[in-house]
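Residue numbers (our numbering), protein chains in the order written: chain A, 1 to 630; chain B, 631 to 1260.
There are 2 protein chains.
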Amino acid sequence: MKWLVVALLTLAVGTLAKVNVYTVTAPWTYVCDSSNSSVGGHYVGARCVKTENGDDSTAVSLGACKLTCGEFGLVWPQPESMVHAQQLVNFLPQDVRFVSITGGDAVTNMVNKFAEIFQEYLFKKSPQYEYYKVDPFSGKPFISDSRIDISVTVTDEDVSLVHGTDESYTLEIERAAKSGSQDHLSVKVTAKTYYGARHGLETLSQMIAYDDNTDTLMIYKSAKVVDKPAFPHRGVLVDTARNYMSVAVIKEIISGMSYDKLNVFHWHITDTHSFPFWSQSIPQLPMYGAYSPRKVYTPQNIAEIVDYARVRGVRVLPEFDAPAHVGNGWQYGEKEGLGKLAVCVNQEPWQQYCVEPPCGQFNIVNDNLYPELGKLYKDFYDLFQSDMFHMGGDEINLNCWNTSTEIRSYLESQGKVGTEDDLLELWDQFQFRAGEEVYKAWGSRPPLILWTSRLTEKGEVDKFLNKEDYIIQIWTGGDDPVVSELINKGYRVIFSNSDAWYLDCGYSSWVGEGNNWCSPYKGWQIVYENSPRAMYRNQGGNSENEDLILGGEAAMWSEQVDGAAVMHKLWPRLSALAERLWTDPSSGWKQAEIRMVGHREDLVDRGIGADALQPLWCNQNEGLCYVSKA
Amino acid sequence: MKWLVVALLTLAVGTLAKVNVYTVTAPWTYVCDSSNSSVGGHYVGARCVKTENGDDSTAVSLGACKLTCGEFGLVWPQPESMVHAQQLVNFLPQDVRFVSITGGDAVTNMVNKFAEIFQEYLFKKSPQYEYYKVDPFSGKPFISDSRIDISVTVTDEDVSLVHGTDESYTLEIERAAKSGSQDHLSVKVTAKTYYGARHGLETLSQMIAYDDNTDTLMIYKSAKVVDKPAFPHRGVLVDTARNYMSVAVIKEIISGMSYDKLNVFHWHITDTHSFPFWSQSIPQLPMYGAYSPRKVYTPQNIAEIVDYARVRGVRVLPEFDAPAHVGNGWQYGEKEGLGKLAVCVNQEPWQQYCVEPPCGQFNIVNDNLYPELGKLYKDFYDLFQSDMFHMGGDEINLNCWNTSTEIRSYLESQGKVGTEDDLLELWDQFQFRAGEEVYKAWGSRPPLILWTSRLTEKGEVDKFLNKEDYIIQIWTGGDDPVVSELINKGYRVIFSNSDAWYLDCGYSSWVGEGNNWCSPYKGWQIVYENSPRAMYRNQGGNSENEDLILGGEAAMWSEQVDGAAVMHKLWPRLSALAERLWTDPSSGWKQAEIRMVGHREDLVDRGIGADALQPLWCNQNEGLCYVSKA
């Protein structure tokens, strides 16, 4: 057998055209070692072992071994519970049909849209998927004898997607019949909402792998998954203001998020640097503030992105960061007779007025500012219709305000000298007035999100912010006492602690020498092990309060990234975040490593430019890329 | 004027289809501040300042400012000498013609091939370049009244590309005539070799920028460049064995290299992990050693890559690393009755037998090994026909040999016990015998390259390696005394010191916790300032020996990268390396920063996924992203 293979290889070199070199099988098979023995002192669970095998007819492909060897196969994030048969059924993408959708018109419409995406997943699993679709000789689609019939049942006809939307689902694969040598499988996905059902289909897609021994796909002959997320808020912040990212790139990010069951695309759409949000009410903002007339998000772009995300189970949560992190764009105020809407804009030397160039903060004592904000917030509401609104609120530089003519005059008129308390009071007034404008724009009182800041410091937060109105996003280190302070006081929180979930860290500095401020790079292991509940417990937190932890987000600040490299900086680290927030496993990265490395290959097959974590050898020789325990 | 623009913006939001929103001009112009004043205490040279401007008709685009403001415009790496007019000529890509090529048939053929690449550059400069090519109404190419006629003169008809090939060129742009409102320019590129002329055309392409005020391209009305490289060897190592990279990705890398005038693609094609090189003589090697039958480089692939590189002025330098860094693939020996060709293959626990999993070293006492090596080297010669051959030679683990049955038996038969000296002697014999096989395969004595290793340690190197035969590639830290040791003893060296030019550093560890061994990440500033000559001088080096420094290479080891992310890990840091090796400026990164940030945008325009170094704001507000001097 071996010699035949060698002969084929040699022949292929010589002739090329006739022999399909890709179908030559390497002399390997993959054997599952389910003894759960430890490797180098680490428990790694069941693992696939690459083993020499002279006989093609008994070879097991890596995909087949990965599906069956571990408890969770290739499903990422790990479901709450999953059982599966050891037997697999081979099939072609064309054998899969959606035979029944129950749940009302709106749900049916959404499921049908996602069914198309699902079909594409199947073709992308195969290295020759274009070839797969149609028989080049007959011009007809290939069909095997297998059949996989999918039924989707959703009980709630409401397809709105908000914080707390039920995302649970159950998934069952059963053998319905056997016809000839092939199988007929019945797949049932049941969920309360469309969004749960979508997650179920996502899981189903990850129970399918490519079999390079037969050039077909494989799925479990039977399986059952019962699943729901550990946290309702699982997201990523993407900053499109320091550097612009195209609509195509944003869609790629959202696609990738949906593979990992992440559900919040937190869009930090504007900042001091640029204003790409094309406000319909105030088009002067992008005109003055966008990097170029091409680097904008039109209302049409945004509507398209919001729709694209919703089908994939992702909410788009807009942030308009203020009163710092504004600048370019707001120059229009003086032209329009509104006075200075922002102060310190591009002011030098920047170190005295802001945390990074360029500077800029709202002129919060200018009464003309608030109606303008109202118009802008209304644009945000009209386009995003989000159930929450992120108001930013980080990194205010009090010196900027205290040295600007407008604020100084105001303070003097009030008989004040500009103490820290004076300035905090002004800031607090801004927050109140701006918040009222948001409520007007929404016609309701959506939860407002703010970053941790001077206003949320220990012992201060309840002076400034009402816990019923505000959710706090934590970006300090995970061991900052603000964590327990906020939760103990009853504030809802979202974790984005910079020591683990800031994905922009570790690159070279962009203002000066050395590496950037939050270096080193946060590896996937650190991302994975960053547990919000554990951080709170480590500060003596009370487990009864843990429901106040809504979840978390990784942050992709974009001072040093744009569309050219963002995908690989996000993935596969976002996958690590996703398992922390969906599953919140009690185990650590070592137990997840084999699955992580396999999942990364799945992401790449789907076109996500996820970075490589290890040599491919480690994926083919599971558990062997380890460090011995000391 | 401003209000008209606002009206257009608003209209565009409303109607979309009819109005081309992209032609709306933002209210900015760019003014050159050539006072060379310092910013934040740093001298940054002439710089473009984004300035408000109500009048479109007088606005200067960022591209126009960048071309004219500094001494070297957007040319990267910085030429030896360059002068240029302050006046620019606007034109369309179609206006450029190659009117004369002098230099014999082989040269003409090469220039014609590169002329096509050059034309593509022009189209890629424009954001709407597809649209540009043909008038959608008439179906004919757009033509303006401008004409740019390029003449290329090469004096040497020989088109072979080897170490030391003359790469110098001169480039002159002159105004030949004025026809109507437009200009007729004559461009003359003169060089000794095709490769010098290609560099000249590369420089020419970087003297052209996009003018977003007129939607055309711009070039200097007159200019002169005289240029040649500081070092003959300017390269990058790409490892395709830890992770495979596709032929398409390798071509992308080579294209990017040619933009930066890098001339050596050092192909670390095999390693212990996998053997993707499809040897025609020993097809068992890829069959056992490739990650999959799809992850191989066929002879056709390699021929295609070598040709692709040569047109772009890049030599492909193959490395077959031995006697360590071999393993998977070599299992075939025992099947063929040749005995074990490698020992310690995939041996555990790996820590005892190699530096990273999986292990493997040649069984250097097996006489059957050498004829096999001879066949393999012949395959390398046939495909690459390189003027040098890299034999690797790094990271030998003496314990592997000393504990393997085969080597122990041999040592005992020689009455030896396996001291370090015994093992070094065996290694040295391997190197001699393997070297002889290379000479046989080449039919000549090409220079052999080896990595620094135990054989090149202080006081040892001349015991083992002859300086006439061997070039040493330095991968230790730049302050390792081996630097002056080698150069003082007359060895030719190539710098790849890991503390600056290892581009894989700073990511998470792949065997265990924390970040990888050579962390932190090497920012472009560190890459830029890593001067081989300075490192030698810092060790008291003698300037008369500096010609022994052939140049340097960045290393992209691929344990944690593959095609998904390699482009952005290479660029723009490779550009920093390129300027160090082409120009070897006495100034540091601060003086290069403005040009670097602009060059990165040019790379992205050409489709190179170079990472972002700074917010785009810094590119539009030159010199303002700085840290004050203490």
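Glycine residues also receive a C-beta, built at the ideal position from the N, C-alpha and C atoms.
Around Gly-506/A, the same chain offers Ser-519, Pro-520, Tyr-521 as residues with beta carbons nearer than 6 Å, after the five sequence neighbours per side are excluded. Residues of the stretch 1169-1193 of chain B whose Cβ lies closer than 9 Å to any Cβ of chain A, in chain order: Ser-1188, Glu-1189, Gln-1190, Val-1191, Asp-1192, Gly-1193. Within chain A, the residues placing a beta-carbon under 8 Å from that of Tyr-921/B are Leu-616, Trp-617, Gln-620, ordered along the chain. Under the DSSP assignment, Arg-1225/B falls in the alpha helix (DSSP H) whose first and last residues are 1219-1235. Buried is the label assigned to Ser-484/A, since at least 16 other Cβ atoms lie within 10 Å of its Cβ. Counting only residues of its own chain and dropping the five nearest sequence neighbours on each side, Ala-676/B has a CB closer than 7 Å to the CB of Cys-662, Asp-663, Ser-664, Asn-666, Cys-699, Gly-700.
Leaving aside the five residues that flank Gly-563/A on each side, the residues in its chain whose CB is nearer than 6 Å to its CB run, in chain order, Met-245, Ser-246, Val-249. For Gln-1221/B, no chain A residue has a C-beta closer than 8 Å to its own C-beta; the minimum C-beta separation is roughly 14 Å.
Within a 10 Å sphere around the beta-carbon of Glu-622/A sit 16 or more other beta-carbons, which makes this residue buried. Here the alpha carbons of Met-535/A and Leu-548/A stand approximately 13 Å from one another. When CB distances to chain A are screened at a threshold of 9 Å, the residues of the stretch 854-886 of chain B falling below it are Ala-871, Arg-872, Asn-873, Tyr-874, in chain order. Its chain contains Gly-886, Arg-1230, Leu-1233, Ile-1238, Gly-1239, Ala-1240, Asp-1241 as the residues whose beta carbon lies nearer than 8 Å to that of Trp-1201/B, once the 5 sequence neighbours on both sides are disregarded; these appear in chain order. The residues Trp-28, Thr-29, Tyr-30, Val-31, in chain order, have a CB closer than 8 Å to that of Thr-51/A in the same chain once the five nearest residues on each side in sequence are set aside.
If you draw a straight line from the Cα of Leu-237/A to the Cα of Asn-1160/B, it is about 36 Å long. Taking 8 Å as the CB threshold, Arg-924/B lines the interface with chain A. No Cβ-Cβ contact shorter than 8 Å links Met-837/B with Asn-720/B. If you check each beta-carbon in the stretch 45-60 of chain A against every beta-carbon of chain B, the ones closer than 8 Å belong to Glu-52. Against chain A, the beta carbon of Pro-948/B has no neighbour under 8 Å; the closest one sits roughly 18 Å away. In the structure shown, the three-state DSSP call for His-199/A is helix. Not a single CB atom of chain B sits nearer than 8 Å to the CB of Val-326/A. In this structure, Ile-778/B places its C-beta atom within 8 Å of the C-beta atom of Val-726/B. A residue is called buried when at least 16 other Cβ atoms come within 10 angstroms of its Cβ; Asn-742/B does not meet this threshold and is exposed.
Here Lys-755/B is buried: its Cβ has 16 or more other Cβ atoms, across all protein chains shown, within 10 Å. The three-state reading of DSSP puts Arg-727/B in strand, counting E and B together. Going by C-alpha positions, Asp-890/B is about 9 Å away from Glu-832/B. At a C-beta separation below 7 Å, Glu-513/A has these neighbours in chain B: Gln-1155. Residue pairing by DSSP places Asn-515/A opposite Ser-508/A in a beta bridge. Secondary-structure assignment with DSSP links Asn-720/B through a beta bridge to Met-848/B. Around Gln-525/A, the same chain offers Trp-589 as residues with beta carbons nearer than 7 Å, after the five sequence neighbours per side are excluded. In terms of Cα proximity to Met-917/B, the closest of Ser-888/B, His-898/B, Asp-1110/B, Lys-965/B is Lys-965/B.
Fully contained in the stretch 217-282 of chain A are the following alpha helix (DSSP H) runs of length 4 or more, in chain order: 247-259. In this structure, the CA atom of Gly-733/B is about 14 Å from the CA atom of Lys-818/B. For Lys-335/A, the enclosing alpha helix (DSSP H) has its first and last residue at 332-335. A direct Cα-Cα distance of roughly 27 Å separates Cys-354/A from Lys-569/A. In terms of beta-carbon proximity, Ala-612/A lines the interface with chain B, with at least one pair separated by less than 8 Å. Approximately 3 Å separates the beta-carbon atoms of Phe-861/B and Gly-1181/B; this is inside 8 Å, confirming the contact.
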